[in-house]
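Below you'll find the structure, written out as structure tokens, and then a few comments.
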Amino acid sequence: MFESFLQATILVSVAAATIRIATPLLLAALGELVAERSGVYNMGLEGMMLMGAFIGYLSAHQSGSLWVGVAAAGLTGAAMAAVFAFMVITLKVEQIVTGLAVNLLGAGLSTYWLRAAFSDSGQTPVIPFFENVPIPVLSQLPVVGPILFDQKLLTYFAFLMVPAVWFLLFRTRYGLIIRCAGDNPKALDVKGVSVAAVQYAAVVFGGLMAGLGGAFLSVGSAARFVPDMTNGRGWLAIIIVIAGLWRPYAVLAATLVFSFLDALQLQIQGIGIAIPYQLLLMMPYVVAIIALMVRRSRANAPAMLGMPYSRE
Amino acid sequence: MTDFSIAEWRIERRREARPAARFIGLGAALAGAIIVCGMLFLAAGAEPLKAFASLAKGSFGSLRATGETLVKATPLIFTGLAACVAFRARIWNIGAEGQVFAGAMFAYWAQHNLGEFPALVQIPVVVMGGIAGGGLYAALAGLLKTRFSVDEVISTVMLNYIIVYVLSLLLLRGPWSEAGGFFEQTARVDRDATLPMLIAGTRLHMGFLLALAAAVLVHLILTRTPLGYEIRAAGSNLRALDVQGTNTRRLIIVVMLLSGALAGLAGVTEVYGVHYRLKAGAVAGYGYSGIIVAILGQLHPVGVVAAAILFGALLNGATLMQIETGVPSALIYAIQAILLLFFLAGWAMCNFRLRRTGRV
Chain C
13 MFESFLQATI
23 LVSVAAATIR
33 IATPLLLAAL
43 GELVAERSGV
53 YNMGLEGMML
63 MGAFIGYLSA
73 HQSGSLWVGV
83 AAAGLTGAAM
93 AAVFAFMVIT
103 LKVEQIVTGL
113 AVNLLGAGLS
123 TYWLRAAFSD
133 SGQTPVIPFF
143 ENVPIPVLSQ
153 LPVVGPILFD
163 QKLLTYFAFL
173 MVPAVWFLLF
183 RTRYGLIIRC
193 AGDNPKALDV
203 KGVSVAAVQY
213 AAVVFGGLMA
223 GLGGAFLSVG
233 SAARFVPDMT
243 NGRGWLAIII
253 VIAGLWRPYA
263 VLAATLVFSF
273 LDALQLQIQG
283 IGIAIPYQLL
293 LMMPYVVAII
303 ALMVRRSRAN
313 APAMLGMPYS
323 RE
Chain Z
14 MTDFSIAEWR
24 IERRREARPA
34 ARFIGLGAAL
44 AGAIIVCGML
54 FLAAGAEPLK
64 AFASLAKGSF
74 GSLRATGETL
84 VKATPLIFTG
94 LAACVAFRAR
104 IWNIGAEGQV
114 FAGAMFAYWA
124 QHNLGEFPAL
134 VQIPVVVMGG
144 IAGGGLYAAL
154 AGLLKTRFSV
164 DEVISTVMLN
174 YIIVYVLSLL
184 LLRGPWSEAG
194 GFFEQTARVD
204 RDATLPMLIA
214 GTRLHMGFLL
224 ALAAAVLVHL
234 ILTRTPLGYE
244 IRAAGSNLRA
254 LDVQGTNTRR
264 LIIVVMLLSG
274 ALAGLAGVTE
284 VYGVHYRLKA
294 GAVAGYGYSG
304 IIVAILGQLH
314 PVGVVAAAIL
324 FGALLNGATL
334 MQIETGVPSA
344 LIYAIQAILL
354 LFFLAGWAMC
364 NFRLRRTGRV
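Line by line, the protein sequences give chains C and Z. Residues in the first sequence are numbered from 13 upward in steps of one, following this note's numbering. Residues in the second sequence are numbered from 14 upward in steps of one, following this note's numbering.
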């Protein structure tokens with residue numbers, strides 16, 4: 013009797029953690045999905061998330077307001093994405109190389125700035141973090157309540173963005189234009205729509221979402237910034253988009269698989285099962301490779317993904 | 014009708030950049046990068062000129078400092094060459110970081126597990142071990158690409174994360190951890206296996222000469238061998254090479270083996286030439302910097318060596334800069350990325366011109 017109660021509690025806590033951990037991945041992956049649908053591979057996602065996490069933390073610390081931190085993180089991601097877009101869309105620099113440069117910039121600049129800003133204190137100050145906001149009535153439901161409806165506001169936002177992005181991409185004229193930019197940019201050009209403008213908008217949106225994802229890590233849950241705290245989540249988000257076959261709901265499913273692994277890992281460490289923690293921590297990366305080995309179909313990939321469009 | 018003549022400016026793409034435009038573009042990129050760095054110095058509360066001066070003094074101010082700069086440049090030459098070989102073929106091996114780990118780990122394993130070696134053979138064993146470890150780990154990503162069509166950018170990045178945990182598993186209360194040691198590292202390696210020093214008063218070791226030799230070798234491979242021809246041809250058009258009858262799958266594996274082997278050697282020089290222990294701190298960070306080195310070096314071995322020495326100087330001078338001006342040495346990684354961004358933009362802009370299309 014008591015044992016089954018304990019098991020149920022553990023299951024609920026793993027499930028709730030899965031939803032919470034999914035937040036930054038989901039935000040970044042949805043942003044990347046829109047960018048890739050417009051034909052641009054944003055390989056700089058990791059750097060944008062990391063910089064968002066740092067600027068979010070710094071602004072929240074300076075202003076005393078968590079929401080200022082979140083807004084600043086989103087703007088940071090968007091600004092970095094605008095630079096990225098200028099390089100790859102206007103100047104047509106190799107997307108992989110530019111993305112890498114953005115990642116290295118995020119890693120270097122955030123570490124440097126952190127040391128420069130908090131050199132006196134020796135240790136980075138802890139800031140308050142977002143509390144859970146239970147939704148009235150719904151959070152009282154058994155099992156489902158604590159899992160789905162007792163989360164942070166950014167988590168609700170991330171999950172609501174799934175249908176929103178789906179609606180944008182597949183039910184609006186603008187979504188059609190975005191998808192067309194990725195599949196057949198020439199057709200857009202002939203119609204007199206600027207392919208570059210559409211791609212800029214999509215990439216900047218992707219950066220904004222990545223910045224918000226980063227903010228969730230620092231301001232949303234850790235209450236501090238640690239160098240390289242994204243730890244590959246930007247790359248996982250890119251993999252999630254591929255594994256999710258460029259479709260919003262499948263992207264959500266793929267996100268949940270990865271965040272479940274992470275939640276499980278935390279739980280196993282928490283109750284002290286004797287598995288070396290390194291094996292648990294490397295799991296998401298191993299699973300990512302396996303996922304790509306299994307999901308080889310690129311049938312859904314935008315036809316012109318990664319290829320810059322020019323008229324000649 | 015109003016009577017103005019409106020002059021319109023148009024930006025056009027050129028087929029081939031003129032040398033003068035290239036020069037101006039590069040100069041502008043360098044100036045831009047220096048200005049941004051100056052602003053970062055100011056942000057840290059230091060005088061930019063003073064900071065640049067102590068950066069220079071720390072990197073080339075004395076024989077010892079110069080030697081240390083070349084020590085720091087050594088692994089970057091290897092990882093830069095690794096990226097150079099792969100990128101020339103347009104195979105995006107981002108995995109030098111992990112391949113440096115693999116090279117160091119395999120060398121360590123070979124030295125300790127393949128039996129007792131006489132003193133003279135110890136160095137060749139660890140060098141071969143580094144080549145094998147780096148090469149095989151890169152070839153794994155190559156296989157994933159050719160057999161399972163997993164994009165090499167993503168697989169190499171994942172493998173970079175994975176191997177850090179594998180090393181930690183072996184070091185932290187694992188089979189390789191130092192007996193009674195507190196840190197995540199191995200015991201000191203056998204003296205016979207360490208790379209000999211070159212110049213008294215510096216820490217410059219044989220690895221630097223190996224790196225220069227590797228640069229010459231890569232240059233010869235690229236320019237004088239059938240493999241080099243295939244690499245360059247793959248860089249311009251892989252599909253055409255396929256049609257022509259080259260086994261491009263095999264080529265991808267071979268390029269990854271070569272690229273990874275070069276990166277693996279960086280692991281050997283760091284463990285057996287500098288730190289004398291295997292630990293994550295000894296081998297981390299060179300892979301990603303190597304990619305920047307390769308691109309700044311225009312994917313040419315000579316350029317790679319030059320860029321690696323510049324980056325070695327930055328890394329080395331940063332320590333003195335931090336002591337003298339209080340600017341955190343982490344700045345160097347930001348500077349590297351800023352340099353790369355400005356140079357990429359500079360090169361790209363060389364390919365554009367502003368043309369006036371007058372309209373009456």
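A virtual CB, placed ideally from N, CA and C, is assigned to each residue, including glycine. Computed from a predicted model, the values in this text were never measured in an experiment.
Per DSSP, reduced to three states, the secondary structure at V340/Z is coil, with no helix or strand assignment. In summary, the residues of the stretch 304-320 of chain Z whose CB is separated from some CB of chain C by less than 9 Å are I304, I305, I308, in the order they occur in the chain. By the criterion of a C-beta distance shorter than 6 Å, F161/C is surrounded in its chain by I147, L150, S151, once the five residues flanking it on both sides are discounted.
For secondary structure counted as the alpha helix (DSSP H) over 4 or more consecutive residues, the stretch 271-299 of chain C holds no complete run. A Cβ of chain Z is located within less than 8 Å of the beta carbon of S131/C. Against M319/C, chain Z offers no close residue; the least beta-carbon distance is about 13 Å (beta-carbon pairs closer than 7 Å). When Cβ-Cβ separations below 8 Å define contact, F161/Z makes contact with chain C. Secondary structure note for R191/C: its alpha helix (DSSP H) is the uninterrupted segment 185-195. Only those residues of the stretch 219-246 of chain C whose C-beta falls short of 7 Å from the nearest C-beta of chain Z are listed: G244. If you compare the alpha carbons of I251/C, L276/C, P288/C with that of V306/C, the shortest gap goes to I251/C. L183/Z is positioned such that its CB atom lies no closer than 8 Å to that of A293/Z. With a cut-off of 8 Å on Cβ pairs, the stretch 216-229 of chain C is in contact with the stretch 77-97 of chain C, counting three or more such pairs. Listed in chain order, the alpha helix (DSSP H) elements of length 4 or more contained wholly in the stretch 213-268 of chain C are 245-255.
The continuous stretches of alpha helix (DSSP H) do not include Y289/Z, and DSSP gives it neither H nor E.
For Y53/C, there is no enclosing alpha helix (DSSP H), as DSSP marks it with neither H nor E. Three or more pairs of CB atoms, one per stretch, sit closer than 8 Å, so the stretch 239-251 of chain C contacts the stretch 37-54 of chain C. Assignment of beta-bridge partners to H218/Z by DSSP yields M210/Z.
With at least 16 other beta carbons inside 10 angstroms of its own, Y299/Z counts as buried.
Assignment of D201/C by DSSP, reduced to helix, strand and coil, places it in the helix class.
Between Y124/C and A347/Z, the gap from beta carbon to beta carbon is short of 8 Å. If you draw a 10 Å sphere on the C-beta of I90/Z, you find 16 or more other C-beta atoms in it, and that means buried. In the structure shown, D203/Z falls within a coil segment according to DSSP collapsed to helix, strand and coil.
Where K63/Z is concerned, the enclosing alpha helix (DSSP H) starts and stops at 61-73.
About 5 Å separates the Cβ atoms of R101/Z and I244/Z, confirming a contact at the 8 Å cut-off.
Here P158/C carries a helix assignment [DSSP, helix/strand/coil]. A straight line joining the alpha-carbon of D203/Z with that of H288/Z spans about 12 Å. Interface residue (Cβ-Cβ distance to chain C less than 8 Å): V166/Z is classified as such. For G120/C, the closest Cβ of chain Z is nearer than 8 Å. In the DSSP assignment, V145/C forms a beta bridge with Q163/C. Not one beta carbon of chain Z lies nearer than 8 Å to the beta carbon of V202/C.
Taking 7 Å as the Cβ-Cβ cut-off, the stretch 349-360 of chain Z approaches chain C at Q349, A350, I351, L353, L354, L357, A358, given in chain order. Take L333/Z, set aside five residues on each side of it, and the residues of its chain with a beta-carbon closer than 7 Å to its own are S67, K70, G71, in chain order. Only residues of its own chain outside the window of five on either side were considered, and among them A86 have a CB closer than 6 Å to the CB of I322/Z, listed in chain order. Against chain C, the CB of W105/Z has a partner CB under 8 Å away; the residue lies at that interface. Below 8 Å, enough C-beta pairs join the stretch 256-270 of chain C and the stretch 312-319 of chain C to call them touching: three or more.
For chain Z, the residues of the stretch 286-299 of chain C that bring a beta carbon within less than 8 Å of one of its beta carbons are P288, Q290, L291, L293, M294, Y297, V298, in chain order.
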